[in-house]
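A.B. asks:
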Amino acid sequence: MMKNIKTMKNLWMVAATFMAGMALAACSNEDALTPVEPELPQTYTLRIDATQGGDVMRGLSDEGTTVAATWESTDVVEVYKGDDKLGELTPADISADKTSCTLTGELDTAPTAGDNLTLKYNTNDFTNQDGTLTGTAKSIDKTANYQEATVTVSAVDGQKITTTAATFTPQFAIFKFTLVEKDDVSKKLSPTTFNIGTTLFGVLPITLPFEIPSASYTVNGEGVLYFAIPTTYTYSGLKISLSGLDYTFTFEYDGQNYTCSKSSLTFVAGNFYRVTMKMTKE
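Numbers 389 to 670, taken from my numbering, label the letters of the sequence shown in order.
1. To the nearest angstrom, how far is it from the Cα of Pro597 to the Cα of Phe563?
2. Assuming Val467 and Asp503 make a contact with CB atoms under 8 angstroms, what is their CB distance in whole Å?
3. Is the CB-CB distance between Leu613 and Ile594 below 8 angstroms?
4. At which residues does the alpha helix (DSSP H) containing Val467 begin and terminate?
5. What's the C-alpha gap between Gly632 and Asn659?
6. Which same chain residues end up closer than 7 angstroms to Gly625 when comparing Cβ atoms and leaving out the 5 residues on each side of it in sequence?
7. Would you kindly report the start and end of the unbroken beta strand (DSSP E) that includes Ser367?
8. Return the chain-ordered list of same chain residues with a C-beta closer than 8 angstroms to the C-beta of Ser461, the five sequence neighbours on each side being excluded.
9. Tyr641 and Pro579: beta carbons closer than 8 angstroms?
10. Excluding five sequence neighbours on each side, which residues of the same chain lie with their C-beta closer than 7 angstroms to the C-beta of Thr506?
11. Who are the Cβ neighbours of Cys489 in its own chain at under 7 angstroms, not counting the five residues just before and after it?
12. For Val656, count neighbouring C-beta atoms within 10 Å of its own C-beta (all shown protein chains included) and say buried if the count is 16 or more, exposed if not.
13. Checking the sheet assignment: what are the DSSP bridge partners for Gly475?
14. Hey, would you say Thr520 sits closer than 8 angstroms to Ser604, going by beta carbons?
15. Just the Cα atoms here: how many angstroms apart are Ile549 and Thr555?
16. Beta strand (DSSP E) containing Tyr534: first to last residue?
17. Using C-beta distances below 6 angstroms, list every residue in its chain close to Tyr621, excluding the 5 sequence neighbours before and after it, in chain order.
18. Give a yes or no on whether the C-beta atoms belonging to Phe639 and Thr557 are separated by under 8 angstroms.
19. Between Gly493 and the rest of its own chain, which residues show a CB-CB distance below 7 angstroms, the 5 nearest in sequence each way excluded?
20. Helix, strand or coil: how does DSSP classify Ala657 here?
21. Can you list, in chain order, the residues of its chain whose CB lies under 8 angstroms from that of Glu670, leaving out five sequence neighbours each side?
22. Quick one: using the 10 Å Cβ neighbour count with 16 as the cut-off for buried, is Ala616 buried or exposed?
23. What do you reckon, are the CB atoms on Leu577 and Gly611 nearer than 8 angstroms?
24. What first and last residue would you give for the beta strand (DSSP E) that runs through Val612?
25. According to DSSP, is Val591 helix, strand or coil?
26. What does the alpha-carbon distance come out to for the pair Thr551 and Ala543?
27. Have a look at Ser449 and Thr586 and give me their C-alpha separation to the nearest angstrom.
28. Rounded to the nearest angstrom, what separates Phe637 and Val464 at their Cα positions?
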């Protein structure tokens, strides 16, 4: 009798082990991972016919020498809806004179029909200028050529976005400064630093500091500097005009500090200005 009971216990243990194995196999089959294609971020294709500068930029000249803005294949245009950056575009099909192209790229977020998009070309702080601006090529240096355009979204068809054409306009004015000593205007000054300062709302100082290599005067001539000066400043999302403010120009030359102030200095984006700076020795 005891032998039969032991045999039955063994049979139950075998059966239990078998059932447990079946249950684990069933659970394993149910939980098996099935390979799936990863979900990639959806992007939206955008192509825009674009002209850089147009007649405004081609009208910038100094003593008959044309100053042109041109497209290069390595350029990058940022696309914004309000303060939100949607993506970047690069030039293709650049024209022979390099003033027009087709901007192509992908946006991470789709705008809707009727939206206005801001295209920003070469945003920068304007301080990477060496005072020549045009150099020998007579074209706006990339470090200063900040332009913007506004386009309207015509349609969004699936992942294809259509907009109006873009005409970029400069967000700066070009200045030719001739630096002379106030007490002796025949004396040209060729500093290796140059600072342009103003104040917003009477309390917020803004300074554009520049480093000027001596070679710049070989290009320009003694005492002559060229700069692209922005016409607006963005503060807390608000674009503020820099025209009509009081400006102070300072530098050190030959061991002496020089300064010159201009009250209510007015300038317009896309225009060229010649200014003789009569610097006061401090």
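We put the CB at the ideal spot given by N, CA and C, even for glycine.
C.D. replies: So, from the listed chains and residues:
1. If you take the alpha carbons of Pro597 and Phe563, they lie about 15 angstroms apart.
2. A Cβ-Cβ separation of about 11 angstroms leaves Val467 out of contact with Asp503 under the 8 angstroms criterion.
3. Result no, Cβ atoms of Leu613 and Ile594 do not sit closer than 8 angstroms.
4. From DSSP, Val467 is part of no alpha helix (DSSP H) but of the beta strand (DSSP E) over 465 to 469.
5. If I take the Cα positions, the gap works out to 15 angstroms.
6. The residues are Asp471.
7. Residue 367 lies beyond the range of the chain shown here (389 to 670); nothing can be said about it.
8. Counting only Cβ-Cβ distances below 8 angstroms, and skipping sequence neighbours, we find Thr478, Pro479, Ala480, Ile482.
9. The Cβ atoms of Tyr641 and Pro579 lie closer than 8 angstroms to each other.
10. Counting only Cβ-Cβ distances below 7 angstroms, and skipping sequence neighbours, we find Tyr468, Glu536, Thr538.
11. For Cys489, where only same-chain residues beyond five positions count, the Cβ hits under 7 angstroms are Ala438, Trp459, Pro479, Ala480, Asp481, Ile482, Ser483.
12. Looking at its Cβ environment, which holds fewer than 16 other Cβ atoms inside 10 Å, Val656 is exposed.
13. The secondary-structure analysis by DSSP pairs Gly475 across a beta bridge with Val467, Leu495.
14. Contact flag set, yes.
15. In this structure, the CA atom of Ile549 is about 18 angstroms from the CA atom of Thr555.
16. Careful: Tyr534 lies outside any beta strand (DSSP E) and carries neither H nor E.
17. Closer than 6 angstroms at the Cβ level, and outside the excluded window around Tyr621, lie Ile628, Leu630.
18. In this structure, Phe639 lies away from Thr557, with their beta-carbon atoms at least 8 angstroms apart.
19. Here Gly493 has Leu434, Gly475, Glu476, Leu477, Thr478 as same chain residues with Cβ atoms under 7 angstroms from its own Cβ, once five neighbours each way along the sequence are excluded.
20. Coil at Ala657, not helix or strand.
21. The beta carbon of Glu670 lies closer than 8 angstroms to those of Gln644, Asn645, Tyr646, Thr647 in the same chain, with the five residues before and after it left out.
22. Around the beta carbon of Ala616, 16 or more other beta carbons sit within 10 angstroms, so the residue counts as buried.
23. A contact, by the Cβ cut-off of 8 angstroms.
24. From DSSP, the beta strand (DSSP E) with Val612 extends over 612 to 618.
25. Looking at Val591 - three-state DSSP - the assignment turns out to be coil, as it is neither helix nor strand.
26. One C-alpha to the other measures close to 7 angstroms.
27. Legend: pLDDT at Ser449 = 44, less than 50; position of this residue unreliable, value from coordinates given subsequently. Linking Ser449 to Thr586 through their CA atoms gives a straight-line distance of about 26 angstroms.
28. Cα to Cα, the separation comes out at about 32 angstroms.
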